[in-house]
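Notes follow once the structure below has been shown.
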Amino acid sequence: MKAIFAGAIGLLIGLFSLYVALVMTGAGHGWITPFFFSLACPVLFPLVAVRLARADRGRFDMSVAIIILAVVLDLILLNATTREGVGYMHRVGGIAILWLSLWALWQVVALATLVVQGVALRRRDKAVAGAA
C-alpha cells in the first residue's frame with residue numbers, strides 16, 4: 078500500500094513538472110529544453126518514489142544505474158541548455174528555479190534510496206559476519 082501511494086504521489090509530481098516545463102516554453106520564446114526532459118518525469122518520479130518506499134526489497138545495482146542515468150541526463154541537460162542559450166533560462170525567471178528544483182527532486186529521492194539500501198546491506202553483512 079505504501080508503494081502504491083508513493084507511486085501516485087510520484088506521478089502527480091512528475092505531471093506537475095511536465096506542466097511547469099510546458100509553461101516555461103513560452104510559446105517558443107522561453108526555455109524549451111526542459112520540456113523534452115520533463116517528458117520522462119511522469120515515469121521517473123513514480124519509479125524512484127516506489128523504489129524508496131520498497132528500498133528494503135530493491136536491488137542496489139538498479140539504484141546505482143538510476144544514479145548514473147541522473148548524472149548523464151544532467152550533463153545532457155546542461156549541454157542542451159548551453160546550446161539553446163542560457164539567456165532563455167534567465168528569461169523565464171523564478172519558474173526556472175521551480176523546475177530545476179523539481180528536476181533535482183527525483184534525483185535526491187534516487188540518492189536517498191541508494192543510501193538506505195547501502196545501510197541495509199551493511200547491516201546484513203554485519204549480521205552475517207556476527208553469526209559466523
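Numbers given in my numbering equal positions in the sequence shown, counted from 1, plus 77.
Built from N, CA and C at the ideal position, the CB exists for glycine as well.
Give me, in chain order, the residues of the same chain whose beta-carbon lies closer than 6 Å to that of Leu-92; leave out the 5 immediate sequence neighbours on both sides. If we look at Leu-92 and ignore the five residues flanking it on each side, its Cβ neighbours are Pro-119.
Return yes when the Cβ of Trp-183 is within less than 8 Å of the Cβ of Leu-121, no when it is not. With contacts defined as CB atoms closer than 8 Å, Leu-121 and Trp-183 qualify as a contacting pair.
Return yes when the Cβ of Leu-88 is within less than 8 Å of the Cβ of Ser-140, no when it is not. It is not a contact, given that the beta carbons lie outside the stated cut-off.
Would you decide whether Leu-152 is buried or exposed? Buried here means 16 or more other CB atoms lie within 10 Å of its CB. With fewer than 16 other Cβ atoms within 10 Å, it is exposed.
Which ranges does the alpha helix (DSSP H) cover as unbroken runs of at least 4 residues, wholly within the stretch 87-133, from first to last along the chain? 110-115 and 118-130, all fully within the stretch 87-133.
Does the distance from the CB of Ile-143 to the CB of Ala-208 come in under 8 Å? Inclusion of Ile-143 and Ala-208 in the CB contact set at 8 Å is not warranted, their separation being larger than that value.
What's the gap between the Cα of Ile-145 and the Cα of Asp-138? Rounded to whole angstroms, Ile-145 to Asp-138 spans 11 Å at the Cα level.
Can you tell me where the alpha helix (DSSP H) holding Gly-164 begins and where it ends? First-last of the alpha helix (DSSP H) with Gly-164: 163-168.
Return helix, strand or coil for Met-78, following the three-state DSSP convention. Met-78 falls in the coil class under three-state DSSP.
Separation of Ser-94 from Phe-112, as counted between CA atoms: Straight through space, the alpha carbons of Ser-94 and Phe-112 are spaced by roughly 9 Å.
Which of helix, strand or coil DSSP assigns to Gly-207: Collapsing the DSSP output to three states places Gly-207 in a helix.
Under a Cβ-count criterion, where at least 16 other Cβ atoms within 10 Å of its own Cβ denotes burial, should Phe-82 be classed as buried or exposed? Counting Cβ neighbours within 10 Å, Phe-82 comes out exposed, since fewer than 16 surround it.
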